[in-house]
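Residue numbers (the UniProt record's numbering), protein chains in the order written: chain A, 1 to 254; chain B, 1 to 239.
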């Protein structure tokens with residue numbers, strides 16, 4: 001446990017913690033009919049400060065495999081990029097689509113090698129020739145294989161939505177339709193966004209499915225739900241003569 | 001490969017003759033010229049790579065033979081010469097492409113992919129206990145500078161071509177290409193000319209099973225191989 005700061009220190013804005021950028025995070029995944037749905041919030045924090053209000057926590061591994069990452073932002077980013085690159089070379093070598101088990105093995109071998117010092121807690125989901133797969137991967141290298149999972153500081157809020165649901169909605173059940181599953185994941189991430197300080201802003205979703213013909217497609221829905229829109233936005237207040245206004249950011253909370 | 005694991009092979013096997021020739025490299029080029037014909041053409045909107053796929057026996061499973069290979073999203077290659085040697089280069093080319101991408105955050109240019117291959121090929125002419133690679137590669141791809149086609153040789157030299165042929169009958173093919181290739185070719189035209197050129201030197205009736213075609217267009221910048229059905233369609237459309 002890091003050394004506790006005294007109130008005086010906190011007030012003075014000084015802390016002894018080494019505050020590297022972490023993803024407080026709520027990430028989750030569910031298996032549905034013909035595929036998997038992954039979801040994540042978009043807040044990244046360094047201690048008590050929000051570093052990025054709209055970061056991307058769903059990482060690309062392969063055209064048919066995506067991975068949500070919680071923990072140290074740099075660790076999740078680098079690890080997933082490394083394994084994604086290795087999977088690409090593997091695809092060239094074998095002339096086949098990457099299997100989720102392959103990505104899972106590469107990730108766990110890497111994390112185990114670093115004995116937990118690579119602080120990456122992942123939700124790995126994808127569809128391959130053997131069907132849809134969903135795993136959690138812990139920083140020390142262990143894994144779980146489950147029909148629905150959640151990781152990160154907001155995982156308790158999310159898992160309650162997935163496990164139990166609420167007064168108006170059911171939790172996870174087998175063979176859900178894709179859009180039902182997307183709704184469930186959105187609600188789970190919402191639970192994290194609103195009830196966990198480490199999670200916030202918007203919801204990202206990634207849907208990976210296989211159709212009847214056997215074709216696998218991934219639908220990365222960035223900012224599918226803008227749960228925390230910026231309500232008031234000032235217009236550009238003055239026109240500088242020499243500058244040309246190219247674009248104003250939309251409703252994104254940036 | 002520095003080959004210093006044994007003193008017996010700490011010297012290069014490729015040495016100069018008194019007339020200034022490197023015999024082993026010339027012999028490697030002879031191996032290339034014994035290999036089946038490969039053709040590459042650059043159009044203003046893409047690259048086409050074509051090779052002859054002659055099976056030594058009808059019992060060989062044709063789909064297991066892959067001569068046109070992908071090196072990166074935006075780069076592909078084909079070889080003439082010793083296939084086993086080309087497999088080593090293809091593997092190395094693919095890895096170097098990923099290493100570059102991880103290090104610099106962007107896809108390497110086609111010239112970089114080609115030059116990395118030549119660096120490896122040259123090192124095998126000047127290292128202990130190894131022989132040069134017995135194949136030449138035609139490396140074609142699209143990068144921000146546009147489409148480009150490179151030939152890499154066992155000597156380690158690289159040449160950028162508008163259109164070329166390597167392997168058996170390459171001279172006849174090149175003569176044919178010289179007449180037909182123009183600067184304003186489209187990728188479609190280039191595919192037809194490449195197949196016509198192969199048809200010229202092919203022994204018998206050219207069908208999809210006898211060739212492999214790889215293309216990359218500036219439209220999507222992704223290298224892919226044509227399916228047998230597509231190749232048949234192209235062959236049927238030739239004059």
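In this text, a Cβ means the ideal position worked out from N, Cα and C, and glycines have one as well.
Note that the structure is predicted; figures quoted are calculated from it, not measured.
{"Item": "Just how far apart, CA to CA, sit residue 15 of chain A and residue 46 of chain A?", "Value": "Caution applies to residue 15 of chain A, whose pLDDT of 47 falls short of 50 and renders its modelled position unreliable; the model cannot decide the point."}
{"Item": "Could you give the residue range of the alpha helix (DSSP H) that holds residue 98 of chain B?", "Value": "83-104"}
{"Item": "Could you spell out the range, first to last residue, of the beta strand (DSSP E) harbouring residue 52 of chain A?", "Value": "49-52"}
{"Item": "Which residue from B:178, B:93, B:78, B:48 puts its Cα closest to that of residue 265 of chain B?", "Value": "The question about residue 265 of chain B has no answer, for chain B in this structure spans 1 to 239."}
{"Item": "Alpha carbon to alpha carbon, how far is residue 194 of chain A from residue 154 of chain A? Give it in angstroms, no decimals.", "Value": "9 Å"}
{"Item": "Is residue 223 of chain A helix, strand or coil when you go by DSSP?", "Value": "strand"}
{"Item": "Identify the contact partners of residue 215 of chain A in chain B, using a Cβ-Cβ distance below 9 Å as the criterion.", "Value": "Neighbours of residue 215 of chain A on chain B: none; closest Cβ ~16 Å, over 9 Å."}
{"Item": "Taking Cβ positions only, does residue 85 of chain A come closer than 7 Å to chain B?", "Value": "yes"}
{"Item": "Quick check on residue 262 of chain A - is its C-beta less than 7 Å from some C-beta in chain B?", "Value": "Nothing can be reported for residue 262 of chain A: it is not among the residues displayed for chain A, which extend from 1 to 254."}
{"Item": "Mind checking residue 16 of chain B: buried by the 16 CB within 10 Å criterion, or exposed?", "Value": "exposed"}
{"Item": "Run down chain A in chain order and give the residues with a C-beta less than 9 Å from the C-beta of residue 95 of chain B.", "Value": "89"}
{"Item": "Under three-state DSSP, which class holds residue 12 of chain B?", "Value": "strand"}
{"Item": "In or out: residue 124 of chain B buried (at least 16 other Cβ within 10 Å) or exposed?", "Value": "buried"}
{"Item": "Pull up the distance between the alpha-carbon of residue 64 of chain A and that of residue 206 of chain A, whole angstroms please.", "Value": "11 Å"}
{"Item": "Determine whether the beta carbon atoms of residue 48 of chain B and residue 191 of chain B lie at a separation below 7 Å.", "Value": "yes"}
{"Item": "Using the three-state DSSP reduction, which class does residue 202 of chain B fall into: helix, strand or coil?", "Value": "coil"}
{"Item": "Give the DSSP bridge partners of residue 128 of chain A, in chain order.", "Value": "A:131"}
{"Item": "How long is the line joining the alpha carbons of residue 97 of chain B and residue 107 of chain B, rounded to whole angstroms?", "Value": "7 Å"}
{"Item": "Using a Cβ-based criterion (distance less than 6 Å to any ligand heavy atom), does residue 37 of chain B qualify as near the ligand MN?", "Value": "Annotation note on the ligand MN: not contained in the displayed structure, which lists no ligands."}
{"Item": "DSSP state of residue 148 of chain A, grouped into three classes?", "Value": "strand"}
{"Item": "Using a Cβ-Cβ distance under 7 Å, would residue 246 of chain A count as near chain B?", "Value": "no"}
{"Item": "State the CB to CB distance for the pair residue 24 of chain A and residue 199 of chain A, rounded to an integer number of angstroms; the pair is presumed to be in contact (CB under 8 Å).", "Value": "5 Å"}
{"Item": "Should residue 107 of chain A and residue 68 of chain A be called a contact, given that it needs their Cβ atoms to be closer than 7 Å?", "Value": "no"}
{"Item": "If you follow the alpha helix (DSSP H) that residue 179 of chain B is part of, which residue opens it and which one closes it?", "Value": "170-180"}
{"Item": "Inspect the CB distances between the segment 39-59 of chain A and the segment 130-138 of chain A and report whether three or more fall short of 8 Å.", "Value": "no"}
{"Item": "Determine the burial state of residue 223 of chain B: buried for a count of at least 16 other Cβ atoms within 10 Å of its Cβ, exposed for fewer.", "Value": "buried"}
{"Item": "For residue 24 of chain B, which residues of its own chain have a beta-carbon under 6 Å away from its beta-carbon, when the five flanking residues on both sides are left out?", "Value": "14, 132"}
{"Item": "Between residue 199 of chain B and the rest of its own chain, which residues show a CB-CB distance below 6 Å, the 5 nearest in sequence each way excluded?", "Value": "206"}
{"Item": "Mind listing, in chain order, the continuous beta strand (DSSP E) runs of no fewer than 3 residues lying wholly within the segment 140-193 of chain A?", "Value": "143-145, 148-151"}
{"Item": "Quick one: using the 10 Å Cβ neighbour count with 16 as the cut-off for buried, is residue 159 of chain B buried or exposed?", "Value": "exposed"}
{"Item": "Residue 209 of chain B touches chain A at which residues, Cβ-Cβ below 7 Å?", "Value": "Under the 7 Å cutoff, chain A gives no residues; its nearest Cβ is about 19 Å from residue 209 of chain B."}
{"Item": "So, using beta-carbon positions, are residue 20 of chain B and residue 80 of chain B closer together than 7 Å?", "Value": "no"}
{"Item": "Please list, in chain order, the chain A residues whose beta carbon lies closer than 8 Å to that of residue 70 of chain B.", "Value": "92"}
{"Item": "Whose Cβ in chain A lies nearer than 7 Å to the Cβ of residue 98 of chain B?", "Value": "85, 88, 89"}
{"Item": "So residue 102 of chain B contacts chain A; which residues on that side make the cut at Cβ distance below 9 Å?", "Value": "81, 82, 85"}
{"Item": "Applying the criterion that 16 or more other CB atoms from any shown protein chain within 10 Å of the CB defines a buried residue, is residue 35 of chain A buried or exposed?", "Value": "buried"}
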